[in-house]
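Have a look at this one:
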């Protein structure tokens, strides 16, 4: 079942912060975050594994609450280059037979203005 | 190191025509995937191959067939194209050994079926 992302779209000015959420009704093993620029392929940002770890990459970080089956992506002091569509991809927790299959959310469109 | 490559980049077909989308990766990954991306729908898995010699259906397999030619190559075939198959198609690959690896995407093939 497709995870649900919120908000669907967000508009920021440079330097502002944003949070993008990803919720699943299924037990998750991992959450993968990607950013996609218009007309390009999705680019991997980070992976969150079962265990509730939090990761960071420059001014972008994320958390994974496995009890709530939710992940959040935090973008701080946004830059123009952060504009794009953000997707979460979720891998189910059931055994080791998922073969890395990801189910993606519908995406969150982030626009950063000067 | 080219990563994941896809051919062609663009294609226009008439209803009922057939074609094969090619995908190759040079990262020695075991698993490969085919997705389609439609506006507002995120990425949906068509077929995947957990390892050389194996293929399995994803979320939206109807109207498609796949071949895992060898470890590097994974092709997607449309036997009789329909307008509903107008989409952007992405191929991805993953190592998938410890469930800590993510997927890496090719540049995509934009397909229009008239």
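Protein chains in written order, with my numbering: chain F, 461 to 574; chain H, 616 to 729.
Ideal Cβ placement from N, Cα and C applies to all residues, glycine included.
What you are looking at is a predicted structure, and each value in this text was computed from that prediction instead of being measured.
Quiz item: Cβ atoms of residue 508/F and residue 487/F: under 7 Å apart, would you say?
Solution: no
Exercise. State yes or no: is the C-beta of residue 683/H within less than 7 Å of the C-beta of residue 664/H?
Key: yes
Practice problem: List the residues of chain F that residue 721/H touches, going by C-beta distances under 9 Å, in chain order. | Solution: 501
Quiz prompt | C-beta contact flag for residue 724/H and residue 621/H at 7 Å | solution = yes
Quiz item: Closer than 7 Å, CB to CB, is residue 717/H near chain F or not?
Solution: yes
Quiz item: Can you tell which of 704/H, 718/H and 679/H has the C-alpha that lies nearest to the C-alpha of residue 626/H?
Solution: 704/H
Quiz prompt | Interface partners of residue 530/F on chain H, CB under 9 Å | solution = The premise fails here: residue 530/F is roughly 17 Å from chain H at the closest Cβ pair, so nothing lies under 9 Å.
Quiz item: Does residue 618/H come within less than 7 Å of chain C when only Cβ atoms are used?
Solution: Note that chain C does not occur in the displayed structure, where the protein chains are F and H.
Self-check item: Beta-carbon neighbours of residue 679/H, restricted to chain F and to distances below 8 Å
Solution: Those do not exist, as residue 679/H stays about 16 Å from chain F at its closest Cβ, beyond 8 Å.
Quiz item: Is there a Cβ from chain F that is less than 7 Å from the Cβ of residue 668/H?
Solution: no
Quiz item: Taking just the CA atoms, how far does residue 721/H sit from residue 533/F?
Solution: 24 Å
Quiz prompt | Bounding residues of the beta strand (DSSP E) (the contiguous stretch that carries residue 549/F) | solution = 544-552
Exercise. Report buried or exposed for residue 728/H, applying the criterion of at least 16 other Cβ atoms within 10 angstroms of its Cβ.
Key: buried
Quiz item: So is residue 463/F buried or exposed if we call it buried at 16+ other beta carbons inside 10 Å?
Solution: buried
Quiz item: Do you know whose CA, among 467/F, 564/F and 471/F, lies nearest residue 674/H's CA?
Solution: 564/F
Quiz item: By Cβ distance, which residues of its chain are closer than 6 Å to residue 573/F, with the 5 residues on each side in sequence left out?
Solution: 473
Exercise. Just grab the DSSP bridge partners of residue 496/F for me.
Key: 545/F
Self-check item: Continuous beta strand (DSSP E) assignments of at least 3 residues falling wholly in the stretch 685-716 of chain H
Solution: 689-693 and 702-709
Quiz item: Can you list the residues of chain F that residue 656/H reaches, using a CB-CB cut of under 7 Å?
Solution: 566
Practice problem: Assign residue 540/F to one of three DSSP states: helix, strand, or coil. | Solution: helix
Quiz item: Are the C-beta atoms of residue 709/H and some chain F residue less than 7 Å apart?
Solution: yes
Practice problem: Under 6 Å Cβ to Cβ from residue 637/H, same chain only, skipping five residues before and after it: list those, please. | Solution: 622 and 690
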